[in-house]
Amino acid sequence: MKYNKKVLKFFRKIKNSGSIKDNYLVGTGMVGSPACGDVMKLQILVNKDNIIKKARFKTYGCGSAIASSNYLTKILIGKTIKQAKKINNIKILKYLKLPKIKIHCSILAEQVLKKTINNLFHKRK
């Protein structure tokens, strides 16, 4: 399979990989797909105004999964939680122009984002 330039860019030029030290302002989520073996972990650090200051990912999987995670972290930084909740797989899919066989990578990115935000709010209760 041949990847397009955007997927290759976000696969090769990793900006936000790694972890954020765990504290009450960090949300963490992890999802995986048994069918393809992709696993994504996402962490976001928010300030008191619910603005995402940092986003980090760790992904095990194909180039499309890594590119989807990397792109997700790029578009999250600087957004409010309310804005982040509006990010879905279609936005990721269209930007990266993922092939049909790789749509599940953008779906995993949306799922990990939802889990991460959910985790953040559960920690604050």
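So the mapping is simple: our numbering equals the position in the sequence shown, first residue as 1, plus 21. For each residue, glycine too, the CB sits at the ideal point set by N, CA and C.
### Query
Can residue 65 and residue 47 be called in contact, C-beta distance under 8 Å?
In the sequence shown, residue 65 corresponds to position 44, counting from 1. In the sequence shown, residue 47 corresponds to position 26, counting from 1. The answer is yes: Cβ separation under 8 Å.
### Alpha-carbon to alpha-carbon, residue 44 and residue 143
Taking the first residue of the sequence shown as 1, we reach residue 143 at position 122. Taking the first residue of the sequence shown as 1, we reach residue 44 at position 23. Distance between the alpha carbons of residue 143 and residue 44 is about 13 Å.
### Task
Take residue 81 as the anchor and find which of 60, 72, 73 has the nearest alpha-carbon.
Sequence index remark: in the sequence shown, residue 81 carries index 60 (1-based). The shortest C-alpha separation from residue 81 is found at 60.
### Rounded straight-line distance, which links the Cα of residue 88 to that of residue 29
As a first step, residue 29 is located in the sequence shown; it is residue number 8 there, counting from the start. As a first step, residue 88 is located in the sequence shown; it is residue number 67 there, counting from the start. One Cα belongs to residue 29, the other to residue 88, and the distance between them is close to 7 Å.
### Message
Buried or exposed, going by whether 16 or more other CB atoms sit within 10 Å of the CB of residue 94?
### Response
In the sequence shown, the residue the question calls residue 94 occupies position 73. Looking at its Cβ environment, which holds 16 or more other Cβ atoms inside 10 Å, residue 94 is buried.
### Task
Only counting runs of 3 or more residues, tell me where the beta strand (DSSP E) segments fall wholly within the region 57-115, in order along the chain.
Segments of the beta strand (DSSP E) lying fully in the region 57-115: 60-67, 73-81.
#### Entry: Same chain, Cβ closer than 8 Å to residue 58, neighbours up to 5 away in sequence not counted
Here residue 58 is taken as the residue at index 37 of the sequence shown, counted from 1. Result list for residue 58: 81, 82, in chain order.
### Task
Can you say whether residue 139 is buried or exposed, counting buried as having 16 or more other CB atoms within 10 angstroms of its CB?
Here residue 139 refers to the residue found at position 118 when the sequence shown is read from its first residue. Counting Cβ neighbours within 10 Å, residue 139 comes out exposed, since fewer than 16 surround it.
### Message
For residue 128 and residue 50, I'd like the C-alpha separation in whole angstroms.
### Response
Taking the sequence shown and counting its residues from 1, one reaches residue 128 at position 107. Taking the sequence shown and counting its residues from 1, one reaches residue 50 at position 29. Rounded to whole angstroms, residue 128 to residue 50 spans 14 Å at the Cα level.
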